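**Student:** Below are the structure tokens for one structure; questions will follow.
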Amino acid sequence: MHTPDDARSRMLRSAAERAVHFLNDDGAVNATVDAETLRNRFYVTLPAQGRQPEDVVDHLCSAAEGGLLRSNGGRFFAWVIGGTLPSALAADWLTAAWDQNAALYACSPAAAIVEEAAGAWLKELLALPQHATFAFVTGCQMAHVTCLAAARHALLAKHGWDVERNGLFGAPRVRVISSDRRHASIDRALRMLGFGSESLVLLEPDVDETLEPGAVEEALAFEPQTPKIVLLQAGDINTGAFDRFDRVIPIAKRYGAWVHVDGAFGLWAAASERYAHLTRGVDGADSWATDGHKWLNVPFDSGYAFVADAESHRAAMSIRAPYITAHAQARDQIDWNPEWSRRARGFATYAALLELGRDGVAATIDGSCAQVAGLVEQLERLPNVEVLWRPLLNQGLVRFLDPRPNASDGDHDNRTEDVIARVVDSGEGFFGATTWRGKRAMRISNVSAQTTDGDVRRVVEAFRAALTACELAPA
Ligand SMILES: *Cc1c(COP(=O)(O)O)cnc(C)c1O
Numbered sequence: 075m076h077t078p079d080d081a082r083s084r085m086l087r088s089a090a091e092r093a094v095h096f097l098n099d100d101g102a103v104n105a106t107v108d109a110e111t112l113r114n115r116f117y118v119t120l121p122a123q124g125r126q127p128e129d130v131v132d133h134l135c136s137a138a139e140g141g142l143l144r145s146n147g148g149r150f151f152a153w154v155i156g157g158t159l160p161s162a163l164a165a166d167w168l169t170a171a172w173d174q175n176a177a178l179y180a181c182s183p184a185a186a187i188v189e190e191a192a193g194a195w196l197k198e199l200l201a202l203p204q205h206a207t208f209a210f211v212t213g214c215q216m217a218h219v220t221c222l223a224a225a226r227h228a229l230l231a232k233h234g235w236d237v238e239r240n241g242l243f244g245a246p247r248v249r250v251i252s253s254d255r256r257h258a259s260i261d262r263a264l265r266m267l268g269f270g271s272e273s274l275v276l277l278e279p280d281v282d283e284t285l286e287p288g289a290v291e292e293a294l295a296f297e298p299q300t301p302k303i304v305l306l307q308a309g310d311i312n313t314g315a316f317d318r319f320d321r322v323i324p325i326a327k328r329y330g331a332w333v334h335v336d337g338a339f340g341l342w343a344a345a346s347e348r349y350a351h352l353t354r355g356v357d358g359a360d361s362w363a364t365d366g367h368k369w370l371n372v373p374f375d376s377g378y379a380f381v382a383d384a385e386s387h388r389a390a391m392s393i394r395a396p397y398i399t400a401h402a403q404a405r406d407q408i409d410w411n412p413e414w415s416r417r418a419r420g421f422a423t424y425a426a427l428l429e430l431g432r433d434g435v436a437a438t439i440d441g442s443c444a445q446v447a448g449l450v451e452q453l454e455r456l457p458n459v460e461v462l463w464r465p466l467l468n469q470g471l472v473r474f475l476d477p478r479p480n481a482s483d484g485d486h487d488n489r490t491e492d493v494i495a496r497v498v499d500s501g502e503g504f505f506g507a508t509t510w511r512g513k514r515a516m517r518i519s520n521v522s523a524q525t526t527d528g529d530v531r532r533v534v535e536a537f538r539a540a541l542t543a544c545e546l547a548p549a
């Protein structure tokens with residue numbers, strides 16, 4: 075029997091306090107120790123006899139010190155990594171404490187029903203068809219796998235091929251039409267599903283970074299008997315660009331293709347009055363993948379798959395074993411998810427949605443977009459900054475130019491890397507580089523509910539200092 079002040083309770087409360095301390099400390103965003111230091115701390119000899127739990131937690135905290143990024147704070151603009159809302163974090167702690175196996179209703183009725191409720195809310199917010207089925211998965215990567223497994227079932231069934239039974243040996247070839255800007259998680263999903271990257275038919279996007287409807291139609295018309303998937307983008311990772319769903323999806327449908335949408339962060343535009351126009355027509359797709367751990371600010375890991383055709387989704391995922399107690403009145407997650415035993419992910423998502431409400435979700439989206447726009451504008455006023463892509467949503471691209479009169483593209487690339495490294499090393503802000511249209515550029519991305527105007531001003535000052543330091547540094 076445990077009591078409120080026994081060793082376990084004290085240790086858990088102290089762990090919670092350490093967590094709160096980490097969240098409240100507005101220190102360096104970057105890691106301040108290197109891999110060797112971390113190895114020296116973590117690689118202790120595995121003891122024959124275990125240690126006291128509180129010693130273990132002490133050890134973990136001191137070993138990790140300086141090796142954690144403050145990516146859930148307000149000054150992180152690299153990749154697309156969200157923060158954590160207070161209720162979602164608390165729900166995630168409780169999820170660990172409750173330790174439910176969210177495979178089946180029978181294993182945890184509350185975990186099953188909270189997913190039903192949160193899944194319905196997500197469809198409403200993202201303006202997806204209410205009949206769509208869903209799965210709470212680890213992230214967009216596994217959402218792609220789930221959705222494309224449903225696509226594989228549907229397309230091959232139309233050709234009289236039962237893929238769940240016969241596999242892909244001897245199956246008709248499936249072609250996947252996509253942009254050469256697609257996220258690499260698409261390629262891996264295709265690999266895992268047995269399509270292989272050779273199944274990709276890649277199209278070059280137009281100047282808006284979106285697929286040209288005529289080019290998609292041409293690719294669809296080639297070998298009309300071949301089953302096809304069209305993969306569209308809601309929010310490109312560099313530019314935040316959206317494919318023109320209202321034009322491309324009707325074409326794909328005419329050719330009997332399955333349309334899947336990668337909307338890891340961009341699908342959330344549908345929840346904002348200001349940005350919803352970007353997603354016009356997206357509800358006509360067959361499947362959608364998005365994330366909770368990005369713009370919804372739910373802790374990792376949290377992604378969502380949605381499929382318009384329940385039958386295909388269930389056929390691809392459902393599994394039965396003699397010891398499984400299927401439930402007639404409730405949703406068994408195992409019928410829709412790629413995992414067996416799994417974390418009860420619904421609680422954190424449910425909490426985030428309830429904390430924000432519809433208006434709060436929209437304000438989070440609009441807020442990130444405003445911070446990115448403000449940051450790009452303020453950087454542009456600094457010397458030798460070129461804006462390559464003005465944000466349509468929450469993604470911008472800038473480049474730092476080498477001011478020497480005969481500087482080459484390579485010099486500008488180096489200057490861009492140099493400025494980013496200086497700002498990251500300062501601990502004041504965190505950014506990453508990308509290659510876009512053949513040039514090195516700095517990506518500016520934000521999906522954090524934490525970022526304030528003050529954070530943006532602080533980050534701009536870090537760039538001002540880095541630019542000055544570059545001028546003073548020997549060439
Ligand atoms: C982040 C991201 C992914 C991958 O999602 P995970 O949640 O990391 O698995 C896929 N596509 C886009 C556009 C992304 O931004």
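In my numbering, the protein residues as written are 75 to 549.
For each residue, glycine too, the CB sits at the ideal point set by N, CA and C.
Model, not experiment: these values are computed from the prediction.
Hey, is the region 442-456 in contact with the region 524-537, meaning 3+ C-beta pairs nearer than 8 Å?
**Tutor:** Yes: the two stretches touch, three or more of their Cβ pairs being nearer than 8 Å.
**Student:** Pick from VAL459, CYS181, ALA436: whose alpha carbon is nearest that of SER34?
**Tutor:** For residue 34 there is no data in the structure shown, the boundaries of the chain being 75 and 549.
**Student:** Quick check: ALA209 and ALA395, are their CB atoms within less than 7 Å of each other?
**Tutor:** Result no, Cβ atoms of ALA209 and ALA395 do not sit closer than 7 Å.
**Student:** Are the region 209-229 and the region 376-392 in contact at 8 Å, needing three or more beta carbon pairs?
**Tutor:** The region 209-229 vs the region 376-392: in contact.
**Student:** How would you label ASN480, buried or exposed, when you count the other beta carbons within 10 angstroms and need 16 or more for buried?
**Tutor:** Flag for ASN480 reads exposed.
**Student:** If we ignore side chains and look at the alpha-carbon of each, how far apart do ILE303 and LEU229 end up?
**Tutor:** Those two C-alpha atoms are separated by around 8 Å.
**Student:** With 16 other CB atoms within 10 Å as the buried threshold, where does HIS76 fall?
**Tutor:** HIS76 comes out exposed.
**Student:** Can you tell me whether VAL275 sits near ligand 2, meaning its C-beta is under 6 Å from at least one heavy atom of the ligand?
**Tutor:** Absence of ligand 2 from the depicted structure is noted, with ligand 1 being the only ligands included.
**Student:** Check each candidate in ASN312, TYR424, HIS133 and name the one with the smallest Cα separation from ASN114.
**Tutor:** For ASN114, the nearest C-alpha among the options comes from HIS133.
**Student:** Do MET85 and GLU128 have their CB atoms nearer than 7 Å?
**Tutor:** Yes, the pair counts as a contact, with Cβ atoms nearer than the cut-off.
**Student:** Do you know offhand how far CYS181's Cα is from ASN175's?
**Tutor:** So the alpha carbons of these two residues sit roughly 6 Å apart.
**Student:** Note the first and the last residue of the continuous alpha helix (DSSP H) segment covering ASP365.
**Tutor:** From DSSP, ASP365 is part of no alpha helix (DSSP H) but of the beta strand (DSSP E) over 361-365.
**Student:** Rounded to whole angstroms, how far is the Cβ of LYS368 from the Cβ of VAL154, which I believe are closer than 8 Å?
**Tutor:** So it is a contact: roughly 5 Å between Cβ atoms.
**Student:** Compare the beta carbon distance of ILE518 and PHE150 with 7 Å and say whether it is the shorter of the two.
**Tutor:** No. Outside cutoff.
**Student:** Can you tell me which residues form a DSSP beta bridge with GLY506?
**Tutor:** Note: GLY506 sits in a beta bridge opposite ARG517.
**Student:** Please report the residue range of the beta strand (DSSP E) in which GLU460 lies.
**Tutor:** First-last of the beta strand (DSSP E) with GLU460: 459-463.
**Student:** Under 7 Å between the Cβ atoms of VAL192 and GLY420?
**Tutor:** Contrary to the premise, residue 192 reads as Ala rather than Val in this sequence. Yes, the pair counts as a contact, with Cβ atoms nearer than the cut-off.
**Student:** For ILE494, write down the residues that DSSP places opposite it in a beta bridge.
**Tutor:** DSSP lists no partner for ILE494.
**Student:** Assuming the contact rule is C-beta atoms closer than 8 Å, LEU227 and ALA389 should be a hit. Round their C-beta distance to whole Å, please.
**Tutor:** For clarity, residue 227 is His in the given sequence; the question names Leu instead. That belief holds up - the Cβ atoms of HIS227 and ALA389 are roughly 5 Å apart, short of 8 Å.
**Student:** Should SER83 be listed as close to ligand 1, given that the test is whether its C-beta is under 6 Å from any heavy atom?
**Tutor:** Answer for SER83: no, Cβ out of range of ligand 1.
**Student:** Can we count ASP529 as close to ligand 1, meaning its CB is less than 6 Å from some heavy atom?
**Tutor:** The answer is no for ASP529.
**Student:** Can you tell me whether HIS133 is helix, strand or coil according to DSSP?
**Tutor:** It is helical.
**Student:** Can you list, in chain order, the residues of its chain whose CB lies under 8 Å from that of PRO203, leaving out five sequence neighbours each side?
**Tutor:** For PRO203, where only same-chain residues beyond five positions count, the Cβ hits under 8 Å are LYS197, ASP357, ALA382.
**Student:** Do SER259 and ligand 1 come close, with the Cβ less than 6 Å from some heavy atom?
**Tutor:** At least one heavy atom of ligand 1 is nearer than 6 Å to the Cβ of SER259, so yes.
**Student:** At which residue ranges does the region 315-378 contain complete beta strand (DSSP E) runs of 3 or more residues, listed in the order of the chain?
**Tutor:** Fully enclosed beta strand (DSSP E) runs of 3 or longer: 332-336, 361-365.
**Student:** Spatial neighbours of LEU501 within its chain, please: C-beta separation below 8 Å, excluding the five flanking residues on both sides.
**Tutor:** Checking the displayed sequence, the identity of residue 501 turns out to be Gly instead of Leu. Result list for GLY501: GLY101, ALA102, VAL103, ASN104, THR106, in chain order.
**Student:** Using a 10 Å radius around the Cβ and a threshold of 16 neighbouring Cβ atoms, would you call ASN312 buried or exposed?
**Tutor:** It counts as buried.
**Student:** Would you identify the three-state DSSP class for VAL446, choosing helix, strand or coil?
**Tutor:** Helix, per DSSP.
**Student:** Which residue wins for smallest C-alpha separation from LEU453, given the options VAL497, LEU199, VAL335?
**Tutor:** It is VAL497.
**Student:** Following the continuous alpha helix (DSSP H) through VAL45, name the residue where it begins and the one where it ends.
**Tutor:** Absent from the structure is residue 45, since the part of the chain shown begins at 75 and ends at 549.
**Student:** Please state the DSSP three-state secondary structure of LEU274.
**Tutor:** In the structure shown, LEU274 sits in a strand (DSSP, three-state: E or B).
**Student:** Could you check the C-alpha separation between ASP320 and PHE296 for me, to the nearest Å?
**Tutor:** The alpha-carbon atoms of ASP320 and PHE296 are separated by roughly 22 Å.
**Student:** Do you know offhand how far ASP261's Cα is from TRP410's?
**Tutor:** C-alpha separation (whole angstroms): 22 Å.
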